[in-house]
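The sequence shown: position 140 = 140 (the UniProt record's numbering), numbered continuously. A virtual CB, placed ideally from N, CA and C, is assigned to each residue, including glycine. The structure appears right after this line, and notes come after that.
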Amino acid sequence: MDIEKVNSMGFGEFVDVFGNVIERCPLIAAAVWSKRPFSGLGDLEKHFFAFIDGLPLSGQEGVLRCHPELAGRQPQCGRLTAESQREQSAAGLQNLGAAERLRFTELTAQYRKRFGFPFVLAVRLSDPGAAPRELARRLRCPPAQELRTALGEVKKICHLRLADLLGEQP
Ligand code: 2AL
């Protein structure tokens, strides 16, 4: 899909197509539609990022809380969005052995308890096996720094999803 097609979209179509580029946050696509026309992928994503940056702390934490746990129970319950399912299976997280999964789940629970939101990582950009190491490292970071890191990962996921939709190289 090219940018002219994006610019020609009515509100409903735009939200249907871009509503999940920020996981389970269609409100952000609804707001970004007002900023059209867009000159290209970089311009489009700039508006998604600016919306997130402009949120109060509670809103930024809310965006993070809309993300599923990595390798969590949702895949087994069938509640992952299609995008998240694809990303997590490409990263091999759904194939963790029982002991690795247990350890990873323990660490994600510690992370959520410490920071109040789930661990978010753009898994398509990380090496296979890197997620557990990254989780252990970030668990020790100061909360304000970790919030910034996690929102940076949300933006990377958004960039990859937008590039997929526009048929561009990320
Ligand atoms: C995700 C997800 O759904 N896709 C991805 O790359 N990371 N979730 C997460 N908690 O990090």
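By the neighbour-count criterion, in which a residue is buried when 16 or more other Cβ atoms sit within 10 angstroms of its Cβ, LEU93 is buried. Here LEU147 has GLN60 as same chain residues with Cβ atoms under 7 Å from its own Cβ, once five neighbours each way along the sequence are excluded. With a cutoff of 7 Å on beta-carbon distance, HIS67 and VAL120 are scored as near each other. Assignment of alpha helix (DSSP H) within the stretch 53–100, counting only whole runs of 4 or more residues, yields 57–65, 74–77, 82–90 in chain order. By the Cβ neighbour-count rule, THR149 is exposed, with fewer than 16 other Cβ atoms within 10 Å of its own. Residue burial is scored here from C-beta neighbours: ASN7 has fewer than 16 other C-beta atoms within 10 angstroms and is therefore classed as exposed.
At least one heavy atom of ligand 1 is found less than 6 Å from the C-beta of ALA122. The criterion of a C-beta distance shorter than 7 Å is satisfied by ILE157 and ALA122. Short note on SER84: C-beta closer than 6 Å to some heavy atom of ligand 1. Per DSSP, reduced to three states, the secondary structure at SER34 is helical.
A distance below 7 Å between beta-carbons, with the five flanking residues on each side excluded, links MET1 to the following residues of its chain, in chain order: LEU165, LEU166, GLY167.
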